[in-house]
Amino acid sequence: MKKSNKVKECYDVYMTIKQEQQLEILVEEYNKLFNVPGDKANKIICEQYRKEHPNEFRGEGWSIFKHRKRLMDWLSRQDQDTIDSLSE
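Okay, here's the thing in structure tokens:
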């Protein structure tokens with residue numbers, strides 16, 4: 001394997017780990033922000049938001065405090081049936 005391929009592979013693994021950590025941070029910060037007891041924020045809903053807004057999850061500076069309005073706007077635009085289907 002070429003060195004450049006190894007570097008790209010390492011970078012891809014790093015980015016996957018960072019995205020998973022960012023999802024965990026999103027759920028944790030959401031719970032804190034809205035005083036949700038325990039780990040009640042639905043990870044599937046947060047994952048859907050992350051899939052629809054990948055540019056917000058680039059770099060290490062992502063914070064729910066920076067993007068909470070976008071998250072809340074996105075949630076308010078979702079049909080209740082869609083939210084319910086994601087939650088199941």
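Residue numbers (the working numbering): 1 to 88. For each residue, glycine too, the CB sits at the ideal point set by N, CA and C. The structure presented is a predicted model; accordingly, all values stated were derived computationally and were not measured.
With DSSP as the reference, label residue i as helix, strand or coil.
i: Asp79; result: coil
Taking the beta carbon of residue i as the centre, do at least 16 other beta carbons fall within 10 Å, making it buried, or is it exposed?
i: Ile44; result: exposed
i: Leu75; result: exposed
i: Gln22; result: buried
i: Arg95; result: Lying before the first or after the last residue shown, residue 95 is absent from the chain, which here runs from 1 to 88.
i: Arg77; result: exposed
With a Cβ-Cβ cutoff of 7 Å, do residue i and residue j count as a contact?
i: Arg68; j: Phe57; result: no
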